[in-house]
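Chains as they are written, first to last, in the working numbering: chain A, 1 to 218; chain B, 219 to 436.
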DNA sequence: TACGATATTTAGATATGCCTAATTCTTAGG
DNA sequence: CCTAAGAATTAGGCATATCTAAATATCGTA
């Protein structure tokens, strides 16, 4: 069993590795977890000793298969608890992240299996993110970042990769949510911001930064 | 917010204080939490500084109103999660304690309120123990220890105060559970063991020690 | 290719929560 | 009312996970 701290590092490493496919730097993790880079170096060594990551001095870490497996189980728990809160406890999808961050660290395989069963073995969570099965397998899904979308194409929001409260509240305010149907009306060359039509009802301007944190499927 | 460790101390202190009405000793807590007495002294000081207990050197602690309130909220969470696991996830009542020990430390008032609502505001958990409401109020219940029961009297098992896996499994094996109707057939003078009739179906011998860890209501 | 900016690591501290060993306090029996 | 056993505390350490400041490594660009 791993400590809560190790689990949080592994999850952060996994998510960054998945989106870049490259070694994960100390700075990237320091920023994500809001801690000092020196602390990250310490933990990189520790995770390396446990063979959860491959650590090359001054070059960052890559998760091993073992590390990925642990990360996927945490993601599975996080997403199942979020689904539970929305489906059974009537939370709205933008309120559940913080609490799921705590619930994901409860250790009990049988609890999670039963929860999965109660929820009817969902494949995607309320944010549209895929839920790994108990073997760590992700359901098939072709998604791209909205920032890489093409003008005129229709997309459906399938995931939100920046989970800060501020961002989720912002999305809520402008009327964007997982499942929203959007299409790109135009893209501003100079700063990468885009005009978006949401559910064919209204148009908004989205910054490049925001668009880089939204996954969409065609 | 208190640390997980502080919460566990407070819970242990509260439970012992409630059953004895007297100051709680370092040894009692050391034994309950399976740690060294010297460590307990450290924590007694810390909890004292936070006004969660009144600590008198070499004389133990008593929980303050503030400390009781915290302990009751943890008990509330523990018992609601146990109820959830039994009612919604089809666990049996003797399997849920360990996991509830983890879940009780998740911090979210709204989560617990919604869970309470989902469960229909239960007053007692699957072990027969009373669930404090969100203000810390316990439902009325007159219970005594089975060891203090009288020969010939019928009782209903309302609570189990020793939550070790071993004891719960033992109860399961001999066919005792919260809600069981028992009556005391005879009490052995020399060691305080008692012959018990369970649900008018079978008779068993229960040690004094076991009888001291079962609460019953008339 | 060399330099300066940025990233990373090392060294030395800090707080929490635990330990053991030694000391001090409390209390029950003679 | 004194003493010895048991209970509690103190003193000194250890591991985890964090920090700051200083030293070192990497990398893009002139």
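For every residue, glycine included, the Cβ atom is placed at its ideal position computed from N, Cα and C.
query	result
Residues bridged to residue 401 of chain B (per DSSP)	B/372, B/415
Cβ of residue 419 of chain B within 8 angstroms of any chain A Cβ	no
First through last residue of the alpha helix (DSSP H) which encompasses residue 70 of chain A	65-87
Sequence-distant residues of the same chain with beta carbon closer than 7 angstroms to residue 129 of chain A, five excluded per side	79, 159
Span of the beta strand (DSSP E), counted from its first residue to its last, around residue 433 of chain B	432-435
Chain A contact for residue 320 of chain B (CB, 8 angstroms cutoff)	yes
Chain A contact residues for residue 333 of chain B, given Cβ-Cβ distances below 7 angstroms	89
Simplified DSSP state of residue 455 of chain B, which is helix, strand or coil	Residue coverage of chain B in this structure runs from 219 to 436, which leaves residue 455 of chain B outside it and unanswerable.
Assigned exposure category for residue 121 of chain A - 16 Cβ within 10 Å defines buried	exposed
Partner residues on chain B for residue 107 of chain A, Cβ-Cβ distance less than 8 angstroms	320
Coarse secondary structure for residue 241 of chain B, derived from DSSP in three states	coil
According to DSSP, residues forming a beta bridge with residue 205 of chain A	A/195
Chain A contact residues for residue 317 of chain B, given Cβ-Cβ distances below 9 angstroms	106, 107, 108, 110, 111
Beta-bridge partners of residue 143 of chain A, as assigned by DSSP	A/217
Stretch pair the region 178-186 of chain A + the region 109-118 of chain A: three plus CB contacts closer than 8 angstroms	no
C-alpha distance - residue 61 of chain A paired with residue 25 of chain A, whole-angstrom precision	7 angstroms
Proximal residues of chain A, C-beta to C-beta of residue 336 of chain B below 8 angstroms	88, 89
Nearest-angstrom beta carbon gap, residue 230 of chain B and residue 245 of chain B [assumed within contact, 8 angstroms]	The Cβ separation is near 12 angstroms, so there is no contact.
Bounding residues of the beta strand (DSSP E) (the contiguous stretch that carries residue 53 of chain A)	53-56
Residue 119 of chain A: first and last residue of the uninterrupted alpha helix (DSSP H) it sits in	It is not in any alpha helix (DSSP H) - residue 119 of chain A carries neither H nor E in the DSSP assignment.
Collapsed DSSP secondary structure at residue 124 of chain A in the structure displayed	strand
Assigned exposure category for residue 391 of chain B - 16 Cβ within 10 Å defines buried	exposed
Outcome for residue 59 of chain A when other beta-carbon atoms lying within 10 angstroms are tallied against a minimum of 16	exposed
Range covered by the alpha helix (DSSP H) that runs through residue 97 of chain A	97-103
The region 129-147 of chain A in contact with the region 163-171 of chain A per 3-pair CB rule at 8 angstroms	no
Proximity winner among B/241, B/252, B/372, relative to residue 435 of chain B (alpha-carbon distances)	B/372
Range of the contiguous alpha helix (DSSP H) that encloses residue 392 of chain B	383-392
Identified DSSP bridge partners for residue 280 of chain B	B/272
Proximity below 8 angstroms, CB of residue 270 of chain B to CB of residue 288 of chain B	yes
Pick from A/123, A/97, A/209 that is closest to residue 191 of chain A, judged by C-alpha positions	A/209
C-alpha gap between residue 388 of chain B and residue 176 of chain A, whole angstroms	55 angstroms
Cβ-based neighbour list, residue 34 of chain A, same chain, cut-off 8 angstroms, excluding 5 preceding and 5 following	none
Residue 411 of chain B beta carbon less than 8 angstroms from that of residue 432 of chain B	no
Whole-angstrom distance between residue 204 of chain A and residue 198 of chain A, CA atom to CA atom	8 angstroms
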